[in-house]
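Report on the following structure.
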Amino acid sequence: FDFDGEEVMTSAKSAFIPKTRVQVYFLENIDLFKQLTTLLYKSKNGRILGDNDDRYNYFSKAAIATLPHLFWKPDVIICNDWQSASVPLIYQQIYDSKDFYGKIKTVLTVHSVDEHSIFSRKSYEKVGVELPKKLSGDSINCYEAAAPYVDLIIAVDTPSNNITKKLLDLPLIKSNKKKLVSISIDDDENPDFSITASALNEQLTKHFA
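Residue numbers (the numbering used here): 41 to 249.
See the structure below:
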């Protein structure tokens, strides 16, 4: 697939989560991901890595481009937070019209709205997509970029972090608020993820079953 004006390849490997039948695929690009620290998204001094947007926009496009090679067309792609927020935009503009890909739905789950979700305009140019005309400047909120293209946005609220409110403060989210639903986690420190999973499944069933 094309990235930053060049034809690139990515390596894919698969494995199973231990003691389950859940298959996981790993995508590798040594040039983009080799210098990660143990902080993953930050340098050793705590500053956010300057190429997070490039790396995860690459990852988002690579994940979609890999699907035909796996002979797997999902009904729904669930995108977790800012790391894969560009999937709906990339899918709709580049892949939806291709024979293999048609009619895949995308869902964006959001549990953080912070400085990580600010991408550069250049990072979108590298994956070959156009941003909504209402977004100006060089710093782009990745959730706003996704809003016109995603089918459903699920905000995960906690007692200390009202994600729904933060999202609705963003103009393009607000103008697409009919796509936004919320689920709540009652305990910040010891959440019961089985309850969260059930709430997510309920929303997915309601909208796509």
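C-beta atoms are modelled at their ideal positions from N, C-alpha and C, and glycine is treated no differently.
DSSP bridge partner residues for residue i (one or two, in chain order)
{"i": "L220", "result": "I193"}
{"i": "N201", "result": "T198"}
{"i": "N120", "result": "T149"}
{"i": "G63", "result": "Correcting the residue identity first, residue 63 is Gln in this sequence and not Gly. Per DSSP, F56."}
{"i": "D42", "result": "E47"}
{"i": "E229", "result": "In DSSP, E229 forms no bridge with anything."}
{"i": "F159", "result": "I180"}
{"i": "I88", "result": "K82"}
{"i": "E68", "result": "S51"}
Test item: CB-CB of residue i and residue j under 8 Å
{"i": "D42", "j": "G142", "result": "no"}
{"i": "I194", "j": "V221", "result": "yes"}
{"i": "I134", "j": "K113", "result": "no"}
{"i": "D228", "j": "P199", "result": "yes"}
{"i": "A125", "j": "Y183", "result": "yes"}
{"i": "D44", "j": "K166", "result": "yes"}
{"i": "L244", "j": "V127", "result": "no"}
{"i": "Y189", "j": "Q132", "result": "yes"}
{"i": "I203", "j": "H156", "result": "no"}
Rounded distance between the beta-carbons of residue j and residue i, thought under 8 Å
{"i": "V116", "j": "T149", "result": "Wrong, their Cβ atoms sit about 12 Å apart, outside the cutoff."}
{"i": "L207", "j": "H247", "result": "In fact, because the Cβ distance is near 17 Å, the residues do not count as touching under 8 Å."}
{"i": "D94", "j": "S51", "result": "18 Å between Cβ atoms; not a contact."}
{"i": "L129", "j": "F99", "result": "Between F99 and L129 the Cβ distance is about 14 Å, and since that is not below 8 Å, they are no contact."}
{"i": "Q63", "j": "F56", "result": "6 Å"}
{"i": "N216", "j": "A187", "result": "4 Å"}
Residue i versus residue j - alpha carbon distance
{"i": "S152", "j": "N201", "result": "8 Å"}
{"i": "N79", "j": "G86", "result": "Per the sequence presented here, residue 79 reads as Leu, with Asn not at that position. One C-alpha to the other measures close to 8 Å."}
{"i": "T236", "j": "E242", "result": "10 Å"}
{"i": "D232", "j": "I223", "result": "13 Å"}
{"i": "K59", "j": "L210", "result": "42 Å"}
{"i": "K214", "j": "K84", "result": "36 Å"}
{"i": "S238", "j": "I118", "result": "15 Å"}
{"i": "K82", "j": "D121", "result": "17 Å"}
{"i": "D226", "j": "L240", "result": "15 Å"}
{"i": "L177", "j": "R61", "result": "The sequence given here has Gly at residue 177, not Leu. So the two alpha carbons sit approximately 45 Å from each other."}
{"i": "D272", "j": "F111", "result": "The structure shown does not extend to residue 272, since the chain spans only 41 to 249, so no value can be given for it."}
{"i": "M49", "j": "I104", "result": "13 Å"}
{"i": "T77", "j": "N230", "result": "27 Å"}
{"i": "K252", "j": "E170", "result": "Residue coverage of the chain in this structure runs from 41 to 249, which leaves residue 252 outside it and unanswerable."}
{"i": "K205", "j": "S137", "result": "34 Å"}
{"i": "P172", "j": "S234", "result": "36 Å"}
Residue closest to residue i, alpha-carbon to alpha-carbon, out of the options
{"i": "E47", "options": "A102, K162 and S137", "result": "A102"}
{"i": "L212", "options": "G90, D136, K174 and H156", "result": "K174"}
{"i": "L107", "options": "F140, S238 and N69", "result": "F140"}
{"i": "A185", "options": "T204, I203, R161 and I104", "result": "R161"}
{"i": "K158", "options": "Q123, A105 and I104", "result": "A small correction: the amino acid at residue 158 is Ile; Lys does not occupy that position in the sequence shown. Nearest C-alpha to I158: Q123."}
{"i": "H109", "options": "S54, N230 and S234", "result": "S54"}
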